[in-house]
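Novice: Below are the structure tokens for one structure; questions will follow.
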Amino acid sequence: MTGQYTAPGQDRSRRAVRPHGPMRPLWRCRVRAAPWPCQPARLLLLMEYRRDRVALSMYMAGCLFDATADLMKLNDNPGPSPVELFERFLAWTARRTPGSDR
Ligand SMILES: [Zn+2]
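Listed below in structure tokens is the structure:
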């Protein structure tokens, strides 16, 4: 066991085949190559964690941590700012609907 938090009832073996999952270390969608989490990925995550929004925030915080480390190693461009990464990975998890306040 890695100690990584998983939502209740979640089958770990299905995580690997999740569409719109992140392609590391670029953190882009496997389907569209858009910055991850793309809109479909956010909707899938919101559905998956609909009963436990705190768990979603914790999961995305872990992704933010990993993505920050990965993207910092790719130093061929300035990369996203900490604010951009926070908005992209975490800010939307506290909202009822993603992107509804834009
Ligand atoms: Zn996608």
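Going by my numbering, the sequence shown opens with residue 7, and the numbers climb by one from there.
All C-beta atoms, glycine included, are put in the ideal place defined by N, C-alpha and C.
#1: Which residues have their C-beta within less than 6 Å of a heavy atom of ligand 1, listed in chain order?
#2: May I ask you to list the residues that DSSP assigns as paired with residue 59?
#3: Quick one: Cα of residue 61 to Cα of residue 86, how far?
#4: Residue 15 by DSSP, collapsed to three states: which one?
#5: How is the alpha helix (DSSP H) around residue 94 delimited, first residue to last?
#6: According to DSSP, which residues form a beta bridge with residue 34?
#7: Have a look at 32, 64, 98 and flag the residue whose alpha-carbon is nearest the alpha-carbon of residue 75.
#8: Beta-carbon of residue 70 versus every beta-carbon of chain B: anything under 8 Å?
#9: Taking just the CA atoms, how far does residue 89 sit from residue 73?
#10: Are the Cβ atoms of residue 92 and residue 66 separated by less than 8 Å?
Specialist: Taking the definition as stated:
#1: 26, 35, 37, 38, 40, 44, 46, 47
#2: In DSSP, residue 59 forms no bridge with anything.
#3: 25 Å
#4: For residue 15, the pLDDT reaches just 49, beneath the cut-off of 50, and the residue's location in the model is therefore unreliable, although a value from the coordinates is still provided. Coil, per DSSP.
#5: 88-95
#6: 29, 41
#7: 32
#8: Annotation note: the requested chain B is absent from the structure, which comprises a single protein chain.
#9: 13 Å
#10: no
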